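Comments concern the structure below.
Protein chains in written order, with the numbering used here: chain A, 1 to 121; chain B, 122 to 242.
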């Protein structure tokens, strides 16, 4: 079946969540949002492109930082209201310079930092 | 720092998205929503508990199907507006009886089913 971004289920703001996962390692890197145009741009360019809710603009991941996400494969869930982008991430995915945004674990009722920022020399 | 579910960032409906990932394999199984009480219940019981938006009730994953998600570790992202539950999933996570909800891949502009339902004999 030929894919049309309009067939996805978007929220009241026209957005759909997209999980980015590193190919090979399976590491979950981040979650951000796309609108239908961002989905189409991601597929057309092979560069993962989100919709920035704070800036209300397209956000080509890594465009300013160089920490690009090359799309390996985009997947759709059963309800068509969530996306999984399998990617090849250059450097850290998180704006804190950590590989993943999910660097805080809850252990024994405490918040524990399980990942340190990547040092760039 | 001691963890309080009230410190997470919820949307206008009081919900936060939670990604479930299988421990060990790294497979992304599903994404669903939690409210603050569901987060607290998940941590207290070790059984991943979502908030069902369609039923407007707690949804203890696997309670009726037996396909439970045992919590291994709950993680919080940098913006505190998304959760990652590392889990041990019994059987399929998807209501279609597939291991993961992300069984549709976009390849060459087409939708391709990359995962078949688990047969239970």
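Even glycine gets a Cβ: it sits at the ideal position worked out from N, Cα and C.
This structure is a prediction, so every number in the text was calculated from the model and none was measured.
_Any C-beta of chain B under 7 Å from that of residue 29(A)_ = no
*When 50(A), 104(A) and 65(A) are compared against residue 59(A), the one with the closest alpha-carbon*: 50(A)
*Any residues in the region 131 to 163 of chain B with a beta carbon nearer than 8 Å to a beta carbon of chain A? Which ones, in chain order?*
138, 140, 142, 146, 147, 148, 149, 151 and 152
*asked:* With distance defined between alpha-carbon atoms, name the residue in 83(A), 82(A) and 69(A) nearest to residue 89(A).
replied: 69(A)
*Return yes when the Cβ of residue 87(A) is within less than 7 Å of the Cβ of residue 76(A), no when it is not.*
no
_With a threshold of 7 Å between beta-carbons, can residue 196(B) be considered close to chain A, or not?_
yes
*Element boundaries [alpha helix (DSSP H), containing residue 160(B)]*: 157 to 166
*Could you please tell me which residues of the region 73 to 98 of chain A, in chain order, have their CB closer than 9 Å to any CB of chain B?*
73, 74, 75, 76, 77, 78, 79, 80, 81, 82, 83, 84, 86, 94, 95, 96 and 98
*Return the Cβ separation of residue 205(B) and residue 48(A) in integer angstroms, given the expectation that the two are a contact with Cβ distance under 8 Å.*
Not confirmed; about 18 Å, so no contact.
*Under the three-state DSSP convention, the category residue 104(A) falls into*: strand
*Does the beta carbon of residue 106(A) come closer than 7 Å to any beta carbon on chain B?*
yes
*Quick one: using the 10 Å Cβ neighbour count with 16 as the cut-off for buried, is residue 13(A) buried or exposed?*
exposed
*Look up residue 20(A) in the DSSP assignment and say whether it is helix, strand or coil.*
strand
*residue 30(A) and residue 20(A): beta carbons closer than 7 Å?*
yes
*By the criterion of Cβ-Cβ separation under 7 Å, what are the contact partners of residue 109(A) in chain B?*
123 and 124
*asked:* For a cutoff of 7 Å on Cβ pairs, would you count residue 179(B) as touching chain A?
replied: no
*Rounded to the nearest angstrom, how far is the Cβ of residue 104(A) from that of residue 110(A), given a contact under 8 Å?*
Not a contact, Cβ separation roughly 10 Å.
*Please work out which residues of its chain come closer than 6 Å, Cβ to Cβ, to residue 100(B), disregarding the five sequence neighbours upstream and downstream, and give them in chain order.*
The structure shown has nothing for residue 100(B), since chain B only spans 122 to 242.
*Mind checking whether residue 80(A) and residue 8(A) have CB atoms under 7 Å apart?*
yes
_Residue closest to residue 66(A), alpha-carbon to alpha-carbon, out of 3(A), 11(A) and 95(A)_ = 95(A)
_Residues sharing a beta bridge with residue 50(A), DSSP_ = 59(A)
*What residues are listed by DSSP as bridge partners for residue 113(A)?*
104(A)
*Have a look at 115(A), 107(A) and 39(A) and flag the residue whose alpha-carbon is nearest the alpha-carbon of residue 123(B).*
107(A)
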